[in-house]
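Taking it in order: structure first as structure tokens, then the write-up.
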Amino acid sequence: MPKPWFGPRRAVRQRPVFPCSLYAGLMRRVAVVVLEGAKPLDVGIPAQVFTARASMPYTVDVCGVHPGLITGGDGLSYHVEHGLEALETADLVFVPGYREPDRERPPQALTRALLTAHERGARLAAISTGAFALAETGLLDGRRATTHWHYSQALAERYPEVHVDERVLFVDEGSVLTSAGAASGIDLCLHILRKEAGMAVANHAARRLVAAPYRSGGQAQFVPQGVPESHGERFTVTRDWALLHLGEPLGIAQLAAHARVSSRTFSRRFRDETGYAPMQWIMRARVDRARELLEETDLGIDEIASTVGLGTATNLRRYFRRVLGTTPSDYRKTFSRAGESPVVA
Numbered sequence: 001m002p003k004p005w006f007g008p009r010r011a012v013r014q015r016p017v018f019p020c021s022l023y024a025g026l027m028r029r030v031a032v033v034v035l036e037g038a039k040p041l042d043v044g045i046p047a048q049v050f051t052a053r054a055s056m057p058y059t060v061d062v063c064g065v066h067p068g069l070i071t072g073g074d075g076l077s078y079h080v081e082h083g084l085e086a087l088e089t090a091d092l093v094f095v096p097g098y099r100e101p102d103r104e105r106p107p108q109a110l111t112r113a114l115l116t117a118h119e120r121g122a123r124l125a126a127i128s129t130g131a132f133a134l135a136e137t138g139l140l141d142g143r144r145a146t147t148h149w150h151y152s153q154a155l156a157e158r159y160p161e162v163h164v165d166e167r168v169l170f171v172d173e174g175s176v177l178t179s180a181g182a183a184s185g186i187d188l189c190l191h192i193l194r195k196e197a198g199m200a201v202a203n204h205a206a207r208r209l210v211a212a213p214y215r216s217g218g219q220a221q222f223v224p225q226g227v228p229e230s231h232g233e234r235f236t237v238t239r240d241w242a243l244l245h246l247g248e249p250l251g252i253a254q255l256a257a258h259a260r261v262s263s264r265t266f267s268r269r270f271r272d273e274t275g276y277a278p279m280q281w282i283m284r285a286r287v288d289r290a291r292e293l294l295e296e297t298d299l300g301i302d303e304i305a306s307t308v309g310l311g312t313a314t315n316l317r318r319y320f321r322r323v324l325g326t327t328p329s330d331y332r333k334t335f336s337r338a339g340e341s342p343v344v345a
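Position one of the sequence shown corresponds to residue 1 (full-length UniProt numbering), numbered consecutively onward.
Right, dumping it as structure tokens:
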């Protein structure tokens with residue numbers, strides 16, 4: 001695949017899992033780039049999730065390649081105040097989906113601006129067909145990416161060095177992230193919030209949006225094709241029940257019994273539905289609950305481990321290291337909100 005015409009890429013600085021600018025109390029800047037034919041939901045999701053308010057350590061600028069009127073999709077147009085100069089100071093850049101990305105390549109000015117922002121250390125995130133604009137930079141070469149299932153083949157054909165995975169809701173490759181159709185953009189935004197601002201901020205945003213607080217990126221997209229019927233949210237009730245009983249012994253037998261299916265059937269269909277094996281999902285849920293308790297309470301590590309069903313502080317430390325690459329104590333130092341005023345909308 002031809003590389004971008006404006007020259008070779010330079011090595012970029014990778015962001016740490018817990019950017020110090022956040023826990024130092026500094027605001028982070030988000031830019032949402034609106035292209036011709038932009039899809040309304042794709043634009044609105046990051047703008048609303050990261051909108052400036054007391055509970056969010058972010059500011060948002062909606063911009064275009066040039067300021068002014070932009071014709072969008074679905075009968076809507078956008079009047080944006082900013083051009084691509086908004087990317088010059090952004091910490092996080094979103095490229096929402098747009099109509100017919102397989103017909104024309106994105107503007108070269110946008111490609112240059114995205115590369116410059118990335119080289120400066122900004123994280124780039126594409127929603128749905130925004131992946132085409134991100135792939136044009138070459139930053140997805142050799143990496144996994146996803147997009148709306150309807151365009152996954154076109155993305156793979158135009159950018160053969162990109163490992164396109166149409167089966168997932170979103171893909172996090174560190175400094176570049178992609179998501180599937182519009183609703184999965186919410187999952188991607190909440191995933192970014194969990195990594196950057198912690199569980200409490202992400203869960204508060206999910207409640208504000210009336211959205212599921214956690215869906216793994218590995219959960220399957222719905223793809224209409226000649227395959228056995230998707231079981232989608234069949235085990236939602238069982239997952240909700242498990243979240244209320246994390247402190248109790250939970251095994252596949254108990255989960256399957258609650259779902260009223262055999263253990264074998266439960267294991268197979270649960271993985272199809274969530275992207276995780278049942279006990280892997282339970283472990284991740286326990287770690288996430290421990291993260292909330294570390295952020296919002298002054299409970300000791302042993303007590304938290306017992307409360308979430310991990311038994312001992314040693315187990316909690318092991319799983320924290322495996323999942324997050326840090327320790328419970330260091331996580332608490334970074335994100336603890338105990339003693340602060342409650343988060344408000």
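C-beta: ideal position from N, C-alpha, C; glycine also.
In or out: Ser77 buried (at least 16 other Cβ within 10 Å) or exposed?
-> Exposed is the call here.
Under a three-way DSSP split, which group does Gly325 fall into?
-> Of the three classes helix, strand and coil, the one that applies to Gly325 here is coil, per DSSP.
Exposure label - Val329; buried when at least 16 CB within 10 Å | One point to set straight first is that residue 329 is Ser, not Val, in the sequence displayed. Around the beta carbon of Ser329, fewer than 16 other beta carbons sit within 10 angstroms, so the residue counts as exposed.
Any alpha helix (DSSP H) of 4 or more consecutive residues that is wholly inside the segment 263 to 334 | Here the runs fully enclosed are 263 to 274, 278 to 296, 301 to 307 and 313 to 324.
Given Val30 as reference, the closest of Tyr159, Phe132 and Cys189 once Cα atoms are compared | Considering only alpha carbons, the answer is Cys189.
For Thr334, which of Glu292, Arg207, Ala182 and Ala122 has the nearest alpha-carbon?
-> Comparing Cα positions, the closest option is Glu292.
In the segment 105 to 170, which residue ranges form an unbroken beta strand (DSSP E) of at least 3 residues, counting only runs that do not cross its ends?
-> Counting only runs of 3 or more, we get 123 to 127.
For Ala220, name the three-state secondary structure that DSSP assigns.
-> At Ala220 the pLDDT is 46, less than 50, meaning the model places this residue with poor confidence and gives no usable figure here.
Grouping DSSP H, G and I as helix and E and B as strand, with all else coil, what is Leu177?
-> Correct three-state label for Leu177: strand.
State the start and end residues of the unbroken beta strand (DSSP E) segment that holds Arg28.
-> Residues Arg28 to Val34.
On a CA-only basis, which of His163, Ala182, Ala86 and Thr71 is nearest Ala126? Give me that one, please.
-> Of His163, Ala182, Ala86 and Thr71, the residue nearest in Cα terms is Ala182.
Just the Cα atoms here: how many angstroms apart are Arg332 and Ala38?
-> Annotation: Arg332 to Ala38 spans about 40 Å, alpha carbon to alpha carbon.
When you compare only the Cα positions, how much space is there between Thr146 and Leu140?
-> Using only the alpha carbons, I get a separation of about 10 Å.
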